[in-house]
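Data block below; observations after.
There are 2 protein chains.
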Amino acid sequence: MSEQNEQRRYHHGDLRAALLEAAEHSLRSHGAAQLSLRDLAREVGVSHGAPRRHFPERQDLLDALAENGYARLGERIRRAVASGDPDFAARVQRATSAFAHFAMENRALLELMNAAKHRPEGTGVPRSAEVAFEPLVDLIREGQERRLLRVGSVEEIGIILYATINGLATLVNNGLIDAERLEELVEIAVDQFLRGTAP
Amino acid sequence: MSEQNEQRRYHHGDLRAALLEAAEHSLRSHGAAQLSLRDLAREVGVSHGAPRRHFPERQDLLDALAENGYARLGERIRRAVASGDPDFAARVQRATSAFAHFAMENRALLELMNAAKHRPEGTGVPRSAEVAFEPLVDLIREGQERRLLRVGSVEEIGIILYATINGLATLVNNGLIDAERLEELVEIAVDQFLRGTAP
DNA sequence: TACCCGTGTTGTCAACGCCTACATATCCGC
DNA sequence: GCGGATATGTAGGCGTTGACAACACGGGTA
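Going down the list, the sequences are from chains A and B. Quick note: the first sequence uses this note's numbering, first residue 1380, plus one each step. Quick note: the second sequence uses this note's numbering, first residue 1380, plus one each step.
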C-alpha cells in the first residue's frame, strides 16, 4: 500500500494510537465531558463503529488516557529529580515543580487522572499511578536514610506530598487560584513540608 | 388545593428545591456524569422540559450543587472549629478532620466541587468556595496573632492546608488510598503542617 | 489455495440536552 | 376582585450520542 495515499485503506493500520492522539487533543481543547467517540472516529477518518474494537466502552478510552498521563507524569518527575543541583531540598523542589508544570500544561488530563470513574478492577490506572508516585517516595526514602528527614512511613509521607501539590493544582484548575501563583504556592508548601518533616 | 393529593397539580410548588434534592441523591448513587435532567424530571413527576425553567443548562444545576456543597462544607468546618477543646492544634485537627469526613460522605459531590467546568464568570461557585475557606484562614490568622504560627501570607497558608486535605481526599476518591487510611493521613499531614509553620 | 479472525462498516435503538410553541397558574395594579 | 402580565409547567421535535448486531474486508497461516 502506498503510504502517500492517505485515503481509506479498509484497515487503518494503527487506529488505536490514532484515536488516543485525537482524544488527547480533544481533551486538551474541550475537556473530557465533551469528548465524543464518534467525533474522534470522524477526525481519524473511520466509521463511527470502528473505535469500539479498541475501546469497547467510552470509559476504556478515558482510562487509557489517564494511564498514559500517569506514565508521562512519573517520567517527568523522575527526570527532574535526576538532573541538576544534587542538593536534597533542591531536588524535592524540582520534583514538585515538574509536577506543577505538568499539571498546568495538562489541566483536563489531570482532572481525568483524578476522576473517580476508573474501572473498578483497575489494575490499570491505579497501578500506573503508583508508578508515578515512586520517584517522590524514593526521594523521601533517601532523605530519611541520609538523616535529612525524620523517620516515618515513607509511603505515607510521599502520599501527603503528592496530595499537597495535586490539591494546589486542582485549585488552579477550577479557578480558585490564578495559575501564576501556583509556582510560588508549591514552593512555600514544599518549604513547609521540609521543615515539618525535618529530623 | 388539598396537600394530600400529591398527584400533578400543574405547578409543582417548589420544583427547584425538589430537583436539587433528587440531583443530590442521583449524584450520590451514580455520579455526576450519569446525572440526567430528564431522569430528575421523571423522578419528581414533571415533564422533561420543566427543569429548564430553573436550570437553563445542565451545568447550571451542577453548579448549584457544587455551591450548596461548599456552603455545607464551610459550615461544618466552622462548627468543628468552634466546639470542643479550645487548644489551637486540636482545633486545627478538628477542622481538617471535619473536612475529611465531609469528603468521605460526599465523594461525588467533592469531585463535582473540584471540577473545572463551572461557569466562567462564576461569581457563584468560586465565591461560595472562598466562604468555605474562611474558617481555615481565620484559624491560621489567629495562630499567627497568638504567635503559635510563624508569620506569612495567611491566605496562602490557608490554601495550602486546604489543598493538602482536598488532595488526600481526592486520592481516596479515585481509589489510590483506602478510605480507612484517610483519617490517619490527615492527622499526620496536619502534624507536619503545624511543625512546618511553627515560629 | 482456503480458511480464520482481527479489524472496519453499516444500520439501528433508546436516551439525552436543548429548543420552540403552547397551556396553565399566580401575582399585582386597578 | 378583575384582568392582563408574568412565572412556571407541558408537548413535541431536532440533532447527537454510546452501545449493539450483522456484515464486509483482508492479512497471516496451515
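Beta carbons: idealized from backbone N, C-alpha and C, even for Gly.
Chain B within 8 angstroms of residue i, Cβ atoms only
{"i": "A:H1497", "result": "yes"}
{"i": "A:I1567", "result": "yes"}
{"i": "A:T1475", "result": "no"}
{"i": "A:L1555", "result": "yes"}
{"i": "A:E1382", "result": "Confidence in A:E1382 is poor, its pLDDT being 35 and thus under 50, which makes the residue's placement unreliable; the coordinate value appears in the next sentence. No, its Cβ sits nowhere closer than 8 angstroms to a Cβ of chain B."}
{"i": "A:G1546", "result": "yes"}
{"i": "A:E1403", "result": "no"}
{"i": "A:N1485", "result": "no"}
{"i": "A:Q1571", "result": "yes"}
{"i": "A:P1514", "result": "no"}
{"i": "A:G1522", "result": "no"}
{"i": "A:P1505", "result": "yes"}
{"i": "A:E1490", "result": "yes"}
{"i": "A:P1494", "result": "At residue 1494 of chain A the sequence reads Ala, which differs from the Pro that was named. True, the Cβ-Cβ gap to chain B drops below 8 angstroms."}
{"i": "A:A1508", "result": "yes"}
Residue burial classification, residue i (beta-carbon count within 10 angstroms, cutoff 16)
{"i": "A:G1448", "result": "buried"}
{"i": "A:R1486", "result": "buried"}
{"i": "B:G1546", "result": "buried"}
{"i": "B:E1382", "result": "Here the model assigns B:E1382 a pLDDT of 36, short of 50, so the residue's position is not dependable, and the following value carries that caveat. Exposed."}
{"i": "B:M1380", "result": "Confidence in B:M1380 is poor, its pLDDT being 32 and thus under 50, which makes the residue's placement too unreliable to answer from."}
{"i": "B:H1409", "result": "exposed"}
{"i": "A:G1392", "result": "exposed"}
{"i": "A:G1453", "result": "buried"}
{"i": "B:D1442", "result": "buried"}
{"i": "A:R1407", "result": "exposed"}
{"i": "B:G1522", "result": "buried"}
{"i": "B:R1470", "result": "buried"}
{"i": "A:E1385", "result": "In this predicted model, A:E1385 has a pLDDT of only 47, less than 50, meaning its place in the structure is not dependable; the value taken from the coordinates is given anyway. Exposed."}
{"i": "A:A1579", "result": "Nothing in the structure corresponds to residue 1579 of chain A, since chain A is present only between 1380 and 1578."}
Proximity of residue i and residue j at Cβ, strictly below 8 angstroms
{"i": "A:E1490", "j": "B:A1482", "result": "no"}
{"i": "B:G1575", "j": "A:Q1571", "result": "yes"}
{"i": "B:R1529", "j": "B:A1468", "result": "no"}
{"i": "A:L1414", "j": "A:S1426", "result": "no"}
{"i": "A:V1516", "j": "A:G1537", "result": "yes"}
Residue-level contact to chain A via CB, residue i, 8 angstroms cutoff
{"i": "B:R1574", "result": "yes"}
{"i": "B:G1448", "result": "no"}
{"i": "B:L1452", "result": "no"}
{"i": "B:E1385", "result": "Below a pLDDT of 50, predicted positions are generally treated as unreliable, and B:E1385, at 46, falls in that range; no measurement from the model is reported."}
{"i": "B:I1519", "result": "no"}
{"i": "B:E1562", "result": "no"}
{"i": "B:R1456", "result": "In the sequence under discussion, the amino acid at residue 1456 of chain B is Ile, which differs from the Arg named in the question. Not one chain A Cβ lies under 8 angstroms of B:I1456."}
{"i": "B:E1436", "result": "no"}
{"i": "B:L1394", "result": "no"}
Delimiting residues of the alpha helix (DSSP H) encompassing residue i
{"i": "B:E1535", "result": "1533-1552"}
{"i": "B:T1475", "result": "1467-1484"}
{"i": "A:D1393", "result": "Per DSSP, A:D1393 belongs to no alpha helix (DSSP H) and is neither H nor E."}
{"i": "A:E1524", "result": "1504-1524"}
{"i": "A:N1447", "result": "1437-1461"}
{"i": "A:F1572", "result": "1561-1575"}
{"i": "A:A1580", "result": "No statement about residue 1580 of chain A is possible, as the shown extent of chain A runs from 1380 to 1578 and does not include it."}
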